[in-house]
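Protein chains in written order, with this note's numbering: chain A, 1 to 434; chain B, 1001 to 1368. Beta carbons are placed, not taken as given, at the ideal position from N, Cα and C, and that holds for glycine. Here's the structure, in structure tokens; my notes come after.
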Amino acid sequence: MGSRSRGSTTLPPHLADWARRIESVARAHGLDFFPLEFHLVDASDVHALAALGGFPVRYPSWRFGMEYERLEKAHGWGQARIYELVINTDPVVAWLVRSNAESEQKLVMAHVCGHADFFRHNTWFAGTDRGMLATMARHAERMREHVERHGLERVEQFLDGVLCLDNLLDPHRDQRRLWARASSESLALPTHDVLAWLVEHAPLEDWERDVAGIVLAEARYFLPQRLTRIVNEGWASFWHSRILTGGVLDASEIVDFADCHSGATLQAPGRINPYKLGLALWRHAERRGEDLFRLRSLHNDASFVDELVDAEFIASGVLPPPARPRRGQGSEALERDPRHVKERLLSELAWGGMPCIELVEADRGRGLRLVHRHSGRDLNFARAGDTLARVEALWRAPVVLDTFEKGSPCRLRCHGGQLERDDGGAATCIDLAS
Amino acid sequence: MDRIEADRARFREIVRGRIRADLGRYLSTTELIARVGEQAVSVPIPQVELPRFEFAPGSDEGQGPGGGARSEGASPRGDGKAGEGAAGDVVGEHALEVDVELEELAEMLGRELGLPHIQPRGRRELESEGARYSGLRSRGPDSLRHARRTFAAALRRTVASGTWDPARPRVVPEKDDLRFRAPRPATRPHSSAVVFHMMDVSGSMGREQKEIVRLEAFWIDTWLRSQYRNLEVVYIVHDAAAKLVDHDTFFHVRESGGTRISSAYELCLQVIRERFPQELWNVYPFHYSDGDNWSARDTERCVELLGTELLPRVNQFCYGQVRSAYGSGQFKKDLDLAFGADPRLVTASVAERGEVLGAIRAFLGSGR
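In structure tokens, the structure reads:
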């Protein structure tokens, strides 16, 4: 395959041989993926790449610099080590860290095969732009032009404002469009696709609309990864174990493999490690005799957990107990109740772990109304207020957010940069002018 | 990927702006002091992250799947040992820490307080390192190649190896003949300073009073360090008797009992005489107490020591009076009465942390 040999040129010959061998084992197991391109990079380069979300060329932003600094520090303190990065493109590009031991490189290559198969076949990734490497580079180019024309401070300020809203997306957008057979791109209210709606309707200058559009496109590209962390990492870990222990590693490497593997699947108390939970769920699915390839095509984290977590799985003890017991209500017994454990996990996974915010009403004169579809967890109010101010800056008219705090309705209003809070049971009140 | 450096530079620029804007807050918290390393201090910066609609921490068991709150962070990460995701998400919720060079911090402090640069007293100069390109070495960049010495080396080799032909006097330098100019340490005059921090640790100085002293001492050191290339710090604690201590002891010791301030001044004077001759050193004694001295006679003794022995030897003597529940605050009044407008003695009182800034400005604002 042409692109495979192109990608392999950056691997030393013995690793390239291994890559070919591991790929063919993976394909023999039924994994199916776009051609793989492996590149070796230095540890410091991998931090830069990780800060940039895996893409070597992106628009300039201090946030990438901050992430880079954080990664370098964490690495320096021995808190984190990155073995590999893989991005959802065609061909699939994977960056391997030069300093990995050889057994680690094998593990990582097998792991990448699992991700690549998942990217290609999971339905949540169906709409993603597989040419994102080039798209990101074009975004960077356009952003630089805007900076040249309008100045760094101005573009940066606007960009930061839009980035605050980059989680106001509709995870079910593709499905909805499919069901509605909507041919037009235009959105109707109410919608969860708040950022997209603002990009379309907010009174923006051309360059501003372009910047907001870039943020939207990139956020949409990354969203499926947020929705499928457990199922995707689990799938990749499931297959790297299977491929490596099925003849790829020789006996002397098994202990290294087990060490590396157990490090990656280590779970801190009270905290979910997606590698560990995902792997356990996939093994559970196999025990139940499920069609694994069908499952990996259909599920995101929430639906996967819903489908597979049963009393038997909970009894296996993979799900961590709560970090601290809830005071006042419930007992140890309730915490261990399978239905309760599962519900709690589901509520955390729903909507990609973000609050579900819906845009229900928009009127140039009277303003814009967002509703937080409360599902048991309150918003961080300080941050919500700041974020709402960014919405107002974009919409250039008053904005309100209806939510609940500790069970009672609560409304945040932002007008002229001023925040007001109204706890007077306004959740159902529609009159913005009041 | 090289562009990440530009992103990082921009990030640091933004952070420095934050610190500058918020310096007053940093000045009145001891948080920073615990974070000082050799050259830099790691400053916690709250709220650099962009705000988003997100759940309140602890609104559930806080058992979120890794990466939930971060969009970019959710891109496929490596198989981080112990979970890259797990490590990363914790950091996201805490204040970010940024390393700032002490020198830069001093510069910010100087600008914030409008501090004048100190004019070291003329004759107090020491020889120190500088560098001049007067040395030679056999490796170096072409721009520093020493042609004459290179030729000499080549000639010497040619003659020694017996290939020298007077009829055809050709000398071809080889790699080993090359000579390059190299920096050689040179002596250059510069100034040194010594700071004395003297603290009253008698029973009436409580934890809060010591914290205030600690803050003042930290910022004073930071500023003076930026003004003198060579700064020595001497710590003295006293109750009824004075003793020399190291940095850690100074900040943690708790003595009790009476207060005889003159004991500290005597010790300070003795150390200056023995180790810091005034021709070579700029001397800055700082004394902190709650203003309660043992007796009026001891205060007289202090005034006498200051007037005849200490003040002539120092650039400036600073007395910081920290208000405590038990202190009378008499000592500052006595000093002010005795020395009035003498520019060599500066007194300031600090009732609470917020006033530390004013005291530092009073102490360092004269530029002596």
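Can you round the beta-carbon distance between residue i and residue j to whole angstroms, since I take them to be within the 8 Å contact cut?
i: B/Leu1178; j: B/Ser1138; result: 6 Å
i: B/Leu1364; j: B/Leu1311; result: Their Cβ separation, rounded to whole angstroms, is 18 Å, which puts B/Leu1364 and B/Leu1311 out of contact at 8 Å.
i: B/Thr1308; j: B/Phe1331; result: Not a contact, Cβ separation roughly 19 Å.
i: A/Leu227; j: A/Gly352; result: 5 Å
i: A/Arg411; j: A/Val400; result: 6 Å
i: A/Val360; j: A/Pro190; result: 4 Å
i: A/Leu52; j: A/Arg58; result: 5 Å
i: A/Tyr83; j: A/Val112; result: With 8 Å as the limit, A/Tyr83 and A/Val112 do not qualify as a contact, their Cβ atoms being about 10 Å apart.
i: A/His139; j: A/Glu72; result: Not quite, the Cβ-Cβ distance comes to about 25 Å (not below 8 Å), so this is no contact.
i: B/Ser1192; j: B/Asn1282; result: 7 Å
i: A/Val248; j: A/Val46; result: The pair is not a contact, with the Cβ atoms about 23 Å apart (cut-off 8 Å).
i: A/Phe509; j: A/Glu208; result: Since the displayed chain A opens at 1 and closes at 434, residue 509 of chain A lies outside it and no answer follows.
i: B/Ile1004; j: A/Gly65; result: 7 Å
Anything in chain B within Cβ reach of residue i, meaning under 9 Å, just list it in chain order.
i: A/Leu36; result: Ordered by position in chain B, no residue passes the 9 Å Cβ test against A/Leu36, which lies about 14 Å from the chain.
Using a Cβ cut-off of 7 Å, pull out every chain B residue sitting near residue i, in sequence order please.
i: A/Cys414; result: Per Cβ cutoff of 7 Å: no residues; A/Cys414 is ~12 Å from chain B at best.
i: A/Ala51; result: Ile1004
i: A/Phe158; result: Neighbours of A/Phe158 on chain B: none; closest Cβ ~13 Å, over 7 Å.
i: A/Pro355; result: Phe1053, Glu1054 and Phe1055
i: A/Phe64; result: Ile1004 and Asp1007
i: A/Ala258; result: Going along chain B, no residue has its Cβ under 7 Å from A/Ala258, so there is no contact; the nearest lies around 13 Å.
i: A/Glu69; result: Arg1008 and Phe1011
Using a cut-off of 8 Å between C-beta atoms, extract the partners of residue i located in chain B.
i: A/Cys164; result: Leu1050, Pro1051 and Arg1052
i: A/Val60; result: Rather than Val, the amino acid found at residue 60 of chain A in this sequence is Pro. Neighbours of A/Pro60 on chain B, chain order: Arg1003, Ala1006, Asp1007 and Arg1010.
So which residues on chain A does residue i lean against when the C-beta distance must stay under 8 Å?
i: B/Ala981; result: No statement about residue 981 of chain B is possible, as the shown extent of chain B runs from 1001 to 1368 and does not include it.
Cβ of residue i versus every heavy atom of the ligand MN: is any distance shorter than 7 Å?
i: A/Glu420; result: Of ligands this structure carries none, so the ligand MN is not represented either.
Got a sec: which bits of the region 1001-1022 of chain B sit with their beta carbon under 9 Å from any beta carbon on chain A, in order along the chain? Met1001, Asp1002, Arg1003, Ile1004, Glu1005, Ala1006, Asp1007, Arg1008, Ala1009, Arg1010, Phe1011, Arg1012, Glu1013, Ile1014 and Val1015
Runs of beta strand (DSSP E) lying entirely within the region 1166-1216 of chain B, each at least 3 residues, in chain order: 1180-1190 and 1192-1200
Counting Cβ pairs, one atom from each stretch, are 3 or more of them under 8 Å apart for the region 272-282 of chain A and the region 236-251 of chain A? yes
Per the contact definition of three or more C-beta pairs closer than 8 Å, is the region 83-94 of chain A in contact with the region 116-132 of chain A? yes
Taking the runs of the alpha helix (DSSP H) that are 4 residues or longer, which of them lie wholly in the region 132-176 of chain A? 132-150 and 152-163
Residues from the region 123-137 of chain A in contact with chain B, defined by Cβ distance under 8 Å: none
With three or more C-beta pairs closer than 8 Å as the rule, is the region 1230-1241 of chain B touching the region 1261-1271 of chain B? yes
Which of the residues in the region 236-248 of chain A, read from start to end, lie with their CB under 9 Å from any CB of chain B? Ala236, Ser237 and His240
If the cut-off is 8 Å on Cβ atoms, which residues from the region 84-118 of chain A count as contacting chain B, listed in chain order? Glu84, Leu85, Val86, Ile87, Asn88, Val97, Leu107, Val108, His111 and His115
Contact between the region 128-136 of chain A and the region 1006-1018 of chain B is defined here as three or more beta-carbon pairs at a separation below 8 Å; is this criterion met? no
Can you list, in chain order, the stretches of the alpha helix (DSSP H) that have 4 or more residues and sit fully within the region 1286-1368 of chain B? 1296-1305, 1330-1339 and 1356-1364
Quick one: which residues of the region 382-393 of chain A get their C-beta closer than 9 Å to a C-beta of chain B? List them in chain order. Ala382, Arg383, Ala384, Gly385, Asp386, Thr387, Leu388, Ala389 and Arg390
Return the chain-ordered ranges of every alpha helix (DSSP H) run that is complete within the region 51-133 of chain A and spans a minimum of 4 residues. 62-76 and 102-121
What are the start and end residues of each continuous beta strand (DSSP E) run of 3 or more residues lying completely inside the region 1232-1296 of chain B, in chain order? 1242-1245 and 1282-1289
Segments of 3+ residues assigned as beta strand (DSSP E) that fall wholly inside the region 332-368 of chain A: 357-363
Using 8 Å as the threshold, is the region 380-394 of chain A in touch with the region 253-266 of chain A, meaning 3 or more CB pairs across them? no
Validate contact between the region 190-209 of chain A and the region 95-106 of chain A using beta carbons, cut 8 Å, 3 pairs: no
Inter-stretch contact at 8 Å, needing at least 3 Cβ pairs: the region 1281-1298 of chain B / the region 1166-1182 of chain B: no
The region 363-377 of chain A touching the region 401-408 of chain A, judged by at least three CB pairs closer than 8 Å: yes
Are the region 1318-1326 of chain B and the region 1336-1355 of chain B touching, with three or more C-beta to C-beta distances below 8 Å? yes
Would you check if the region 204-216 of chain A and the region 159-169 of chain A touch, i.e. whether three or more CB-CB distances between them fall below 8 Å? yes
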